[in-house]
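A.B. asks: Mapping to the working numbering: the sequence shown position 350 is 352, numbers consecutive. First, the structure itself, so that you have it in front of you.
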Amino acid sequence: MQEGCVPWPESAVRTYREEGYWTTEVLGVWPAARAPEARARTALVTRAGVLTHEEVDRAADRMAAGLLGAGLAPGDRVVVQLLDEAELVVLSLALFRTGILPVYALPAHRSAEITHLVSTAGAAAYVCPERVLDCDFRLLAQEVLDRTDSLRQVFVAGDPGPFTALSSVDAEPVALPAPDPEDVALFLLSGGTSGPPKLIPRTHADYAYQLRETARLCGVGPDSVYLAALPVEHNFALGCPGVLGTLRAGGTAVIAPAPTADACFPLIERARVTITSLVPPLVPLWLDAAEWTDHDLSSLEVLQVGGARLDPDTARQVPKALGCTLQQVYGMAEGLLNFTRLDDPEDVIVHTQGRPLSPADEVRVIREDGAEAGPGEVGELFTRGPYTLRGYYRAGERNRTRFTEDGFYRTGDLVRRTEHGDFEVVGRINDVVNRGGEKVPTLEVEEHLLAAFPLLGAAVIALPDALMGERTCACVVPRDRANPPTLREVKAAFRGRGVAAYKVPDQLVVLERLPMTGVGKVDKRALLAQLET
Ligand code: J2J
Numbered sequence: 003m004q005e006g007c008v009p010w011p012e013s014a015v016r017t018y019r020e021e022g023y024w025t026t027e028v029l030g031v032w033p034a035a036r037a038p039e040a041r042a043r044t045a046l047v048t049r050a051g052v053l054t055h056e057e058v059d060r061a062a063d064r065m066a067a068g069l070l071g072a073g074l075a076p077g078d079r080v081v082v083q084l085l086d087e088a089e090l091v092v093l094s095l096a097l098f099r100t101g102i103l104p105v106y107a108l109p110a111h112r113s114a115e116i117t118h119l120v121s122t123a124g125a126a127a128y129v130c131p132e133r134v135l136d137c138d139f140r141l142l143a144q145e146v147l148d149r150t151d152s153l154r155q156v157f158v159a160g161d162p163g164p165f166t167a168l169s170s171v172d173a174e175p176v177a178l179p180a181p182d183p184e185d186v187a188l189f190l191l192s193g194g195t196s197g198p199p200k201l202i203p204r205t206h207a208d209y210a211y212q213l214r215e216t217a218r219l220c221g222v223g224p225d226s227v228y229l230a231a232l233p234v235e236h237n238f239a240l241g242c243p244g245v246l247g248t249l250r251a252g253g254t255a256v257i258a259p260a261p262t263a264d265a266c267f268p269l270i271e272r273a274r275v276t277i278t279s280l281v282p283p284l285v286p287l288w289l290d291a292a293e294w295t296d297h298d299l300s301s302l303e304v305l306q307v308g309g310a311r312l313d314p315d316t317a318r319q320v321p322k323a324l325g326c327t328l329q330q331v332y333g334m335a336e337g338l339l340n341f342t343r344l345d346d347p348e349d350v351i352v353h354t355q356g357r358p359l360s361p362a363d364e365v366r367v368i369r370e371d372g373a374e375a376g377p378g379e380v381g382e383l384f385t386r387g388p389y390t391l392r393g394y395y396r397a398g399e400r401n402r403t404r405f406t407e408d409g410f411y412r413t414g415d416l417v418r419r420t421e422h423g424d425f426e427v428v429g430r431i432n433d434v435v436n437r438g439g440e441k442v443p444t445l446e447v448e449e450h451l452l453a454a455f456p457l458l459g460a461a462v463i464a465l466p467d468a469l470m471g472e473r474t475c476a477c478v479v480p481r482d483r484a485n486p487p488t489l490r491e492v493k494a495a496f497r498g499r500g501v502a503a504y505k506v507p508d509q510l511v512v513l514e515r516l517p518m519t520g521v522g523k524v525d526k527r528a529l530l531a532q533l534e535t
């Protein structure tokens, strides 16, 4: 296995092979997508046009040859930060086929994050767009080059300036090196909002299993059309089953320029989209837009929602408003994915974040006192399994705190499991307000706010307090800007809902929007910084 990665122990490897979780499949070379009947069918729909499976396959082989010709070698790391266009998909397949390893940066990352990623990964190359809005990525790349020492090449999609045009990475196909299916294929980033992101190694065998099994669970096959509304670099839209899982199954992936209803509804109508995924803050906006839209959304069968807790009131409205099944997804780039099943009872779909994808996923809910939690009891979720990492890349000592000695990943998520084994995510271990010793779970307070008032968003954070150490500050974005709730109304509403007094927010801040991380989670650190200034 790639240096700097923690391998699964031999006994686990044997089980995963014998039980068929791990096969010899290598990412990017997919029989269903290469079958004669699939080749002429549409693989990708982007702003630039439409590509068939055959065209994507050929382009990936040419780019793979070009990458090797440019001096990159199997095992090299490449930080990839492209707009969600066809090039991102073709480049990914080319990298998988050659065993050169993409490190997926997010579109919102700028020089600080890219510098961190390049130096942590010891990346040999960086692939970026020419410019996005006010950011010239060629200047950013120069900065990163100046600050790091491993980077040899910069490939730019568009006008390359002093660097190499990505479009010139193109050569007659050559015989490609065969990557080891059990070696690393790609690196994802940890989604934690605190501290710089850690690199998550994912192998061909583990990610291929994820693609296969999520496609099966979601009924994704050759006739499916997946809309990538969220950034493709993120695990959710990349591989749950996302763009890769859909292409692998011989289906069509449509890439949206933005996750808004304005951008996505016409695409759903035109491409007859069957499945898409969103983060919770987008859902009320889609539901509102669906009320008045002229676009035909009737092809949509499944809306996956994940990344953060979806409030039950919004969840309940999805099937009627969008005419599709809701699937809650509680996932993490580290591995473990939980899904509500398409045929689950409404109650499970509305109120839980689902259960593990694989029978080989081992999950433990550990209470604060170290004992295993019973049904309905809250604890931290620990997990290991055939597609969950055993250690972050080059993380050495830090891995000790995030993994148990027997290889369980400590998610940091506080969950409760129902009698049927479905999870409810109730908070993060660090995401509590310690109000003079009483712990206020911020997520719970946010849910009460969302349920009690017409809000577009709510985020609860801890502010320093002279008396109690921390006080609870509720930041809300009202639907009707002219009519925001007052703190008095909030207090009365909480009382009315029978909530313990210590959970009532001490302070209310009305905002026009909440700062978001690149993948649609509320950025609480940014929010705190904003309130402190
Ligand atoms: C509550 N919290 C959730 C949910 C993730 C699919 C979907 C999401 C991610 C993702 C992903 C949640 N309700 N439904 O990678 O493939 C929080 C948890 C978790 C963390 C992981 C995927 N779904 N979360 O969000 O790596 O706290 O992955 O540990 O970005 O998001 O974040 P990330």
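Glycine included, every Cβ here is placed at the ideal spot set by N, Cα and C.
Taking 8 Å as the threshold (C-beta atoms), are Leu359 and Phe384 in contact?
C.D. replies: What you label residue 384 is simply residue 382 of the sequence shown in a count that begins at 1. What you label residue 359 is simply residue 357 of the sequence shown in a count that begins at 1. No. Outside cutoff.
A.B. asks: Using CA coordinates, which residue listed in Ile257, Leu533, Gly223 and Ala210 is at the minimum distance from Leu46?
C.D. replies: Locating residue 46 in the sequence shown gives position 44, where the first residue counts as 1. When each option's Cα is compared against that of Leu46, the closest is Ile257.
A.B. asks: So what's Ser13 in DSSP terms, helix, strand or just coil?
C.D. replies: On the sequence shown, position 11 is the one that residue 13 refers to. Looking at Ser13 - three-state DSSP - the assignment turns out to be helix.
A.B. asks: Which residue's Cα is closest to the Cα of Asp313: Pro11, Glu448, Thr444 and Arg357?
C.D. replies: Here the question's residue 313 lines up with position 311 in the sequence shown. Residue Glu448 is the option with its Cα nearest to Asp313.
A.B. asks: Measuring CA to CA, which of Pro233, Leu458 and Ala239 is closest to Asp315?
C.D. replies: Taking the sequence shown and counting its residues from 1, one reaches residue 315 at position 313. Nearest option by C-alpha distance: Leu458.
A.B. asks: Which of the three DSSP states, helix, strand or coil, is assigned to Thr385?
C.D. replies: Residue mapping note: residue 385 aligns to position 383 of the sequence shown, counting from 1. Three-state DSSP puts Thr385 in a strand.
A.B. asks: What's the gap between the Cα of Pro283 and the Cα of Val478?
C.D. replies: If you number the sequence shown from 1, residue 283 lands on position 281. If you number the sequence shown from 1, residue 478 lands on position 476. Looking at the two C-alpha atoms, the distance is approximately 12 Å.
A.B. asks: Fully enclosed by the region 393-435, which beta strand (DSSP E) runs are 3 residues long or longer?
C.D. replies: Those beta strand (DSSP E) runs which fall completely within the region 393-435 and span 3+ residues are 411-419 and 425-430.
A.B. asks: On a Cα-Cα basis, can you pick out the residue from Gly247, Leu232, Ala230 and Met65 that is closest to Ala177?
C.D. replies: Along the sequence shown, one-based indexing puts residue 177 at 175. Ranking Gly247, Leu232, Ala230 and Met65 by Cα distance to Ala177 puts Met65 first.
A.B. asks: Can you give, in chain order, each stretch of the alpha helix (DSSP H) that sits fully within the region 37-105 and has at least 4 residues?
C.D. replies: The qualifying runs are 38-41, 55-71 and 88-100.
A.B. asks: Starting from Ala476, trace the beta strand (DSSP E) both ways and give me its first and last residue.
C.D. replies: Position 474 of the sequence shown holds residue 476. Here the beta strand (DSSP E) through Ala476 covers Gly471 to Pro480.
A.B. asks: Reducing DSSP to helix, strand and coil, say where Glu364 ends up.
C.D. replies: Mapped onto the sequence shown, residue 364 falls at position 362. Here Glu364 sits in strand by DSSP.
A.B. asks: Counting only runs of 3+ residues fully inside the region 213-258, write out the beta strand (DSSP E) ranges in chain order.
C.D. replies: Listed in chain order, they are 227-230 and 254-257.
A.B. asks: Less than 7 Å separating the Cβ of Leu339 from some heavy atom of the ligand J2J?
C.D. replies: Position 337 of the sequence shown, counted from the start, is the residue given in the question as residue 339. Yes; taking the cut-off as 7 Å, the Cβ of Leu339 has a heavy atom of the ligand J2J nearer than that.
A.B. asks: Does the ligand J2J have even one heavy atom less than 7 Å from the beta-carbon of Thr413?
C.D. replies: Taking the sequence shown and counting its residues from 1, the one referred to as residue 413 is at position 411. Yes, Cβ of Thr413 sits closer than 7 Å to a heavy atom of the ligand J2J.
A.B. asks: Express the C-alpha separation of Val129 and Ala210 in angstroms, rounding to a whole number.
C.D. replies: As a working mapping, residue 210 is identified with position 208 in the sequence shown. As a working mapping, residue 129 is identified with position 127 in the sequence shown. Near 24 Å, if we compare the C-alpha coordinates of Val129 and Ala210.
A.B. asks: Which stretch, first to last residue, makes up the beta strand (DSSP E) that contains Asp467?
C.D. replies: Taking the first residue of the sequence shown as 1, we reach residue 467 at position 465. That run of the beta strand (DSSP E) goes Leu457 to Asp467.
A.B. asks: May I ask you to check if the CB of Met518 is nearer than 7 Å to at least one heavy atom of the ligand J2J?
C.D. replies: As a first step, residue 518 is located in the sequence shown; it is residue number 516 there, counting from the start. Incorrect: Met518 has no Cβ contact closer than 7 Å to the ligand J2J.
A.B. asks: Under the assumption that Val81 contacts Leu119 (Cβ atoms under 8 Å), give the Cβ distance between them as a whole number of angstroms.
C.D. replies: Along the sequence shown, one-based indexing puts residue 81 at 79. Along the sequence shown, one-based indexing puts residue 119 at 117. Indeed they touch by this definition, with Cβ atoms about 5 Å apart.
A.B. asks: Thinking C-alpha only, which one of Phe189, Gly241 and Leu229 is nearest Arg214?
C.D. replies: Residue numbering aside, residue 214 sits at position 212 when the sequence shown is read from its first letter. Checking every option, the nearest Cα to that of Arg214 belongs to Gly241.
A.B. asks: Where do the ends of the beta strand (DSSP E) carrying Gln306 lie?
C.D. replies: One-based indexing of the sequence shown puts residue 306 at position 304. Taken as a continuous stretch (DSSP letters only), the beta strand (DSSP E) holding Gln306 covers Val304 to Gly308.
A.B. asks: Among Ala217, Gly163 and Gln144, which residue has its Cα nearest to the Cα of Thr254?
C.D. replies: If you number the sequence shown from 1, residue 254 lands on position 252. If we check each option's Cα against that of Thr254, Ala217 comes out closest.
A.B. asks: Between Leu246 and Ala187, how many whole angstroms is the CB-CB distance? I'm expecting something under 8 Å.
C.D. replies: Mapped onto the sequence shown, residue 246 falls at position 244. Mapped onto the sequence shown, residue 187 falls at position 185. With a Cβ gap of about 11 Å, Leu246 and Ala187 do not count as contacting.
A.B. asks: Identify the residues that DSSP records as bridge partners of Ser279: which are they?
C.D. replies: Counting from one through the sequence shown, the residue named residue 279 turns up at place 277. Looking at the DSSP assignment, Ser279 forms a beta bridge with Gln306.
A.B. asks: Is the number of C-beta pairs between the region 427-446 and the region 292-306 that are closer than 8 Å three or more?
C.D. replies: No: fewer than three Cβ pairs fall under 8 Å.
A.B. asks: Using 10 angstroms around the beta-carbon of Pro11, count the other beta-carbons present and answer buried if the total reaches 16, otherwise exposed.
C.D. replies: What you label residue 11 is simply residue 9 of the sequence shown in a count that begins at 1. The residue is exposed, with fewer than 16 neighbouring Cβ atoms inside 10 Å.
A.B. asks: Going by C-alpha to C-alpha distance, which of Ile351, Asn237 and Gly309 sits closest to Pro108?
C.D. replies: One-based indexing of the sequence shown puts residue 108 at position 106. The question names Pro, but residue 108 in the sequence shown is Leu. Here the closest residue by C-alpha is Asn237.
A.B. asks: Is Cys242 near the ligand ZN, in the sense that its beta carbon is under 7 Å from a heavy atom of that ligand?
C.D. replies: Ligands present in the displayed structure are limited to the ligand J2J, and the ligand ZN is not among them.
A.B. asks: Any contact of the region 366-375 with the region 390-403, i.e. 3+ C-beta pairs under 8 Å?
C.D. replies: Touching, no.
A.B. asks: Nearest by alpha-carbon distance to Cys7: which of Phe165, Leu84, Pro175 and Thr205 is it?
C.D. replies: Within the sequence shown, residue 7 is the residue found at index 5, counting from 1. When each option's Cα is compared against that of Cys7, the closest is Thr205.
A.B. asks: Can you tell me whether His422 is buried or exposed, with buried defined as 16 or more other CB within 10 angstroms of its CB?
C.D. replies: As a first step, residue 422 is located in the sequence shown; it is residue number 420 there, counting from the start. His422 is exposed by the Cβ-count criterion.
A.B. asks: Would DSSP call Leu328 helix, strand or coil?
C.D. replies: Stepping through the sequence shown from its first residue, residue 328 is reached at position 326. Reduced to three states, the DSSP call for Leu328 is strand.
A.B. asks: Within the continuous alpha helix (DSSP H) that includes Ala187, where are the two ends?
C.D. replies: Looking up residue 187 in the sequence shown gives position 185. First-last for Ala187: Val186 to Leu191, but that is the beta strand (DSSP E), not the alpha helix (DSSP H).
A.B. asks: So what does DSSP say about Asp138, is it helix, strand or coil?
C.D. replies: Taking the first residue of the sequence shown as position 1, residue 138 is located at position 136. Asp138: strand per DSSP, three-state reduction.
A.B. asks: Quick one: is the Cβ of Phe267 within less than 7 Å of any heavy atom of the ligand J2J?
C.D. replies: As a working note, residue 267 is residue 265 in the sequence shown. Every heavy atom of the ligand J2J is 7 Å or more from the Cβ of Phe267, so no.
A.B. asks: With Glu174 and Ala251 assumed to form a contact (beta carbons below 8 Å), what rounded beta-carbon distance in angstroms separates them?
C.D. replies: As a working note, residue 174 is residue 172 in the sequence shown. As a working note, residue 251 is residue 249 in the sequence shown. In fact, because the Cβ distance is near 29 Å, the residues do not count as touching under 8 Å.
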